[in-house]
Amino acid sequence: MTLSTALFGSQTLLKQALMVIGGSLLVASAAQVSVPMYPVPVTLQTLAVLLVGFAFGSRLGAITLAAYLAEGAIGLPVFANFNNGAAFAGPTAGFLVGFVGMAWLAGLATDLGYRKLLPLAAFAIEASIFLYIPGVLWAMFADALFGFDATRWGADNFDMIWTYYIAPFLIGDAVKAVLAALMVTGAWAALGRRKA
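For the sequence shown, our numbering assigns the number 253 to the initial residue and increments by one for each residue that follows.
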């Protein structure tokens, strides 16, 4: 059972559609809480992605993030700093696409029945680490594959990628992962008290 099922009951198609819209709006709102850094801003986006995955489960979590990407692709200003589909031609594109897998991995914890803090935090940290795979691969190879000028992104070599794309975000991502696990664990505990 997912947290969303526990809160809202059976998942009709209408409820699922509303959850996808609501979840994508949550991620879009969290993306605007931004600390400018070069070349990738620090936002609350990943916290929201983890919460969507934990609350909705793997399938609906991934669908929600795919819808979020589609909203940006059609021009809605849902990405960090009110960016839209133009972000797919920039340094954050790999991270944006990685949100789908991140939500799916977080949702897998829910699908497997994890509700306690340590397993949820472990899944959240693993999902956060997963996000770096498409993010770094994009930064490293987008210039060769698509002809982008990656040097303007600070992606000349792996040392620069480590410096600009990984190292500044590790502690924040770990904190957001634990915070997401705490929030979800707290929600399950509150539901248990309400039913008791």
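Just so it is clear, CB atoms sit at the ideal spot from N, CA and C, and this is done for glycine as well.
- With a beta-carbon spacing of about 19 Å, Leu389 and Ala355 fall beyond the 8 Å limit used to define contacts.
- Contact between the region 255-264 and the region 376-394 is not established, with fewer than three Cβ pairs separated by less than 8 Å.
- Across the structure, Gly337 and Leu321 are spaced so that their CA atoms are roughly 8 Å apart.
- Assignment of Ser286 by DSSP, reduced to helix, strand and coil, places it in the strand class.
- Burial state of Thr415 is exposed, judged by a 10 Å Cβ sphere holding fewer than 16 other Cβ atoms.
- By the C-beta density criterion, Lys368 is exposed, having fewer than 16 other C-beta atoms within 10 angstroms.
- Taking C-beta atoms under 8 Å as the contact rule, Ala280 and Val330 qualify, at a distance of about 4 Å.
- Burial state of Leu266 is exposed, judged by a 10 Å Cβ sphere holding fewer than 16 other Cβ atoms.
- For Val294, the secondary structure class from DSSP, reduced to helix, strand or coil, is strand.
- Annotation for Leu302: Ala358, Ala376, Ala432 place their beta carbon closer than 6 Å to its own, counting only its chain and skipping 5 residues before and after.
- Taking every protein chain shown into account, the CB of Ile326 has fewer than 16 other CB atoms within 10 angstroms, so this residue is exposed.
- Scanning Val352, Ala345, Gly324, Tyr366 for the CA closest to the CA of Trp440 turns up Tyr366.
- The beta carbon of Phe306 lies closer than 6 Å to those of Ala358, Thr362, Val436 in the same chain, with the five residues before and after it left out.
- Between the C-alpha atoms of Ala394 and Pro288 there is a straight-line separation of about 23 Å.
- In its chain, beyond the 5 residues on either side, Asn336 have a beta carbon closer than 7 Å to the beta carbon of Leu328.
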